[in-house]
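Line by line, the protein sequences give chains Z and W.
Going left to right, the first sequence walks through residues 1 to 519 as full-length UniProt numbering numbers them.
Going left to right, the second sequence walks through residues 1 to 519 as full-length UniProt numbering numbers them.
Each residue gets a CB set at the ideal place from its N, CA and C atoms; glycine is no exception.
Computed from a prediction, not measured in an experiment: that's the story for all the values here.
Here's the structure we're looking at; comments come further down.
Protein chains: 2
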Amino acid sequence: MELTGEMLIGARAVRGTAGTVHGRDPRTGDALAPSYGLGDAADVAAAASLAAAAFGVYRSTTGEQRGALLDTIAAGLEEIAEPLVARVAAETGIAEPRVRGELARTTGQLRMFGALAREGSWISARIDPALPERTPLPRPDLRQRRVPTGPVAVFGASNFPLAFSVAGGDTASALAVGCPVVVKAHSAHPGTSELVGRVIQGAVAALGLPEGVFSLLFGDGESLGVALVRDPRIRAVGFTGSRSGGTALTAAAAARPVPIPVFAEMSSVNPVFLLPGALATRGAELGAAFVTSLTTGAGQLCTNPGLLFAIEGPGLDEFLGAAAAAIAEVDAAAMLTAGIRAAYDDGVSRLREHPLVTEVAAGPGSPGLSTPHLFTTTADAFLADRGLQDEVFGAAALVVRVTGFAEVIDALEGQLTATVHAAAEDLDLAASLLPSLELLAGRIVFDGWPTGVEVGSATVHGGPYPSTSDGRSTSVGTAAIERFLRPVAYQNLPPALRPPGLDDENTLGLRRTVDGVPR
Amino acid sequence: MELTGEMLIGARAVRGTAGTVHGRDPRTGDALAPSYGLGDAADVAAAASLAAAAFGVYRSTTGEQRGALLDTIAAGLEEIAEPLVARVAAETGIAEPRVRGELARTTGQLRMFGALAREGSWISARIDPALPERTPLPRPDLRQRRVPTGPVAVFGASNFPLAFSVAGGDTASALAVGCPVVVKAHSAHPGTSELVGRVIQGAVAALGLPEGVFSLLFGDGESLGVALVRDPRIRAVGFTGSRSGGTALTAAAAARPVPIPVFAEMSSVNPVFLLPGALATRGAELGAAFVTSLTTGAGQLCTNPGLLFAIEGPGLDEFLGAAAAAIAEVDAAAMLTAGIRAAYDDGVSRLREHPLVTEVAAGPGSPGLSTPHLFTTTADAFLADRGLQDEVFGAAALVVRVTGFAEVIDALEGQLTATVHAAAEDLDLAASLLPSLELLAGRIVFDGWPTGVEVGSATVHGGPYPSTSDGRSTSVGTAAIERFLRPVAYQNLPPALRPPGLDDENTLGLRRTVDGVPR
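Structure below.
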């Protein structure tokens, strides 16, 4: 597949005229061909208009049709696996084995949502049959289902060019429930975006679906991205990126004449709590394992463990010593973009120059690459300076030496994850922390590390503000569809007009709630 | 029970010092004793602080305990039914039989949420058991449940002093799932609010629950109400009232350092579509039935049918004639407050003076009371003036004479309900309208009237903006609990620490999803 540098607006390929951007090899800064033309407000309007026009047909497709679309996209990505993996690696500096893993996750995710679309119980059918004899008033027949909200804008993420981008989780879950999608590609991997976008465009055409089911735009966030969020035909937004980007889109969405929900994943330092028994019995082992998690993907994961709270006492020195030794062995690594590397360097400098922070270890440096850093500080210093819980996106972490956890937990902002390392003798302490951690984070990890998000039915990848803009939802796993649904009730609808899934016979074989009782 | 004019802050009764308000007989404007002292920022902080302190204990109570609280409140309201009904009628002008009906709905609602709390499957447990042998990576054990978001602020509504106020739907659903509640009473029925609030305060004490589970504040929306929404300990807001009030609270919530969701029900004209067959076969009958719905509660219902679209042709004149005749027979009625009556009079004058609107009928007037009004206009006039779809809160309605529905539906804002009257020969036309109506409204009513909201499992009382601030939720029925929940996942949690409902044995006997399959 030849890359053209064009946007995909419905069935067309369109060269944007509002400037250009190139993918770049992050190791060298060299531009990768082709150049990508950036879109403008007219392109946003064209894509949104097609999406709105497609919505009526697409939301009425069967689960089988939407499942076939998602399966076809997954198969199409596998067909171009070799050029796709090569382009991802070239544009992002992510090592090929990780890219292959992310591709498998992405196709697995697409098929998982395809199966969900086919199974169909996610409409959450509720049926309260009429009670004509009820007194003082008869009860009408009431049937409820969930319907898709409308066209969804999805913003690609820099750090997961496949799993959180053009054919990522938000796109898959929106398509599964009947929402057309307009993707704004991340400018750091335009070639990857085009490759994936053409697979989706081809699948939409192959299945005879309306062209507006999918469009792909290139452009900058502040102009094209905000225009997309403001377009009246867009009804929900999925975003993964920076806190400033997420809050700007959220503000734009709230200021619309008809506000819409924004599901923005923004920042998280993923606190880790090292309990005394765990430190005493396996401090060194934990230190080494921590560094593996910290440095995966050059630390550029949303769930990277950037903040640790360790009880002063036996094993803490062993933990820090083993972590320092492991960090010294980690090769310097390319970061996703020069901008991300510069921000990482700034964040490291800020910690290094902080009068109450001590640098414990740093990996071997190399020009143009990033190297992991480990710092420590005291509980008093941490509590005195809220800036010490700001995310440093990359493989930098701060260990706070504490005598207890209550005060520091109260000082923390909302997080995607919270992790506890506990030995058998720590279980009472761990149990006492759980209620606070439930309020702090969307996922609580025991005796593991937060990186590596399992994609399943029970997954929560989301959390209280500011880790996400709306902690009532997840961006990973089957529960992600909740973002793009709203309930509708039908009162005394003639049987012939009942929508699929709300018939008396339950011909679709769904799990439903009848008269308040799950069936 | 002697009314004292005090706020209820946890277990205390506190006289507010920031001004006073009286309940008033809306028929005479006479003040009703006692005067109510209005609260200030310190009272808000005191109530929110107690709520936050109570949250930890309250959210850990069993479903049985919360069910007992809700049942005790229901029984307590029944015990004071006579003085309560008398006070509601005195403060609101609502006729006693309607007040008794609303009381029954309120106690029924409390018990329904009590049963839901006890049954417990609303935590939506999802369990993906560990797969230690999976390749390339083992799967961790992941268990998800939904937890309460935190203390909820509830704003009482003027038009449902019981069912949407101190012990109304938002309070009941928040309490059912473990959220403490701080109510801001509506100033139009302070005595009713105190009576109900003391029942809840007493129930909290009788069951040995932390006092902060419930507080009741008096004050004006712009100062005390906004302060309550801005309090960092409040995590969600339920509101039923005006569009200006709802948008002000939504803006205040979005501007917080940590934004929170606001579920505001704001305005709806509840369009009714009169299809040609229905008009031709039963125009006169529909006209009379329409007036019954229009004038129920002096038209002061959120679901009042204020806008009708009727196909030009046989039966429309009969519809209008029967409606006019029925309106002429309707007694003038007291409205809830002098302010509401003034706004109604303004709205009626605006329609009456509109050059393209014709007055068809008005009920017999009486000083200080309101009388129903019926107007007609053309499709062109309706499409040319968006102001013609503004809600006139009260028993005024506008019939738009149309030749088709598509264009006017596209011009409509989001609604709580949409109603269709169709004869057998209209079914194809009705079917063609359904998809648009699903996008327009939260509840679609066939061959009935939108007033009279059934409280059940399948109920949706909510709808696209601006009928509510968040059309993904309902304020009535068991699905209302969704607003106050967020998901949390637990990864590799030691079995001894698993929260109730997430154990392997399912000792609570919940409906759960295991490995993606509902059980």
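Closest option to Z:Gly297, judged by alpha-carbon separation, among Z:Thr107, Z:Phe382, Z:Arg98 and Z:Ala322: Z:Arg98. The beta carbon of W:Val399 sits closer than 6 Å to those of Leu308, Ala310 and Thr376, all from its chain and outside the five residues before and after it, given in chain order. In the structure shown, W:Ala342 adopts helical secondary structure according to DSSP, grouped into three states. Residues of the segment 487 to 498 of chain W whose Cβ lies closer than 8 Å to any Cβ of chain Z, in chain order: Pro487, Val488, Ala489, Tyr490, Gln491, Asn492, Leu493, Pro494, Ala496 and Leu497.
Interface flag for W:Gln389 against chain Z is unset, since no Cβ pair is found closer than 8 Å.
Taking a C-beta distance under 8 Å as the contact criterion, Z:Ala51 and Z:Pro180 qualify as a contact pair. Not a single CB atom of chain W sits nearer than 8 Å to the CB of Z:Leu279. Close partners of Z:Val460 in chain W (Cβ separation under 8 Å): Gln144, Pro487, Val488 and Ala489. In the displayed model, Z:Phe375 falls within a strand according to three-state DSSP. Within its own chain, the residues whose Cβ lies closer than 7 Å to the Cβ of W:Ile73, once the five positions on either side in sequence are excluded, are Leu110, Ala167, Val199, Ile200 and Ala203, listed in chain order. Ranked by how close their Cα comes to the Cα of Z:Gln389, the residues Z:Glu359, Z:Arg350 and Z:Val196 have Z:Arg350 in first place. Counting along the chain, W:Tyr58 sits inside the alpha helix (DSSP H) bounded by residues Ala41 to Tyr58.
In this structure, W:Ser436 is the residue among W:Ser49, W:Ala431 and W:Ser436 with its C-alpha nearest to the C-alpha of W:Glu407.
Spanning the alpha carbons of Z:Ala157 and Z:Asp331 requires a straight line of approximately 25 Å. Considering only beta carbons, the part of the segment 412 to 443 of chain W lying closer than 7 Å to chain Z consists of Leu427, Ala430, Ala431, Leu434, Pro435, Glu438, Gly442 and Arg443, in chain order. Taking the Cα positions, Z:Met1 is about 48 Å away from W:Val262. In the three-state reduction of the DSSP assignment, W:Gln65 falls in the helix class. Excluding five sequence positions before and after W:Val357, the CB atoms of its chain that fall closer than 6 Å to its own CB belong to Leu351, Phe375 and Thr377, given in chain order.
The beta carbon of Z:Gly516 falls within 8 Å of a beta carbon belonging to chain W, placing the residue at that interface. Distance from the CA atom of W:Leu320 to the CA atom of W:Pro314, rounded to whole angstroms, is 12 Å.
W:Met266 sits in coil when the DSSP states are folded into three classes, being neither helix nor strand. Note on geometry: alpha-carbon atoms of Z:Pro364 and W:Ser121 lie some 53 Å from one another. Residue pairing of W:Gly297 in beta bridges, as defined by DSSP: absent, with no partner found. In terms of Cβ geometry, W:Gly448 and Z:Pro140 form a close pair [threshold 8 Å]. At least one CB of chain Z lies nearer than 8 Å to the CB of W:Pro259. Taking 8 Å as the CB threshold, Z:Ser475 stays off the interface with chain W. When DSSP states are grouped into helix, strand and coil, W:Val453 belongs to the coil group. Contact residues of the segment 240 to 254 of chain Z toward chain W are Ala254 (C-beta to C-beta distance below 7 Å). For the 8 Å CB-CB criterion, W:Tyr36 and W:Pro161 do not form a contact. Here Z:Ser267 is buried: its Cβ has 16 or more other Cβ atoms, across all protein chains shown, within 10 Å. For W:Met112, the enclosing alpha helix (DSSP H) covers residues Glu96 to Glu119.
Under the criterion of beta carbons closer than 8 Å, W:Phe218 and W:Ala185 qualify as touching, at roughly 5 Å. DSSP links Z:Pro487 through a beta bridge to Z:Arg146.
For the segment 126 to 159 of chain Z, the set of positions with a beta-carbon nearer than 7 Å to some beta-carbon of chain W reads Arg126, Ile127, Asp128, Arg139, Pro140, Leu142, Arg143, Gln144 and Val147 in chain order. Counting along the chain, W:Gly23 sits inside the beta strand (DSSP E) bounded by residues Thr20 to Arg24. Not one beta carbon of chain W lies nearer than 8 Å to the beta carbon of Z:Gly76.
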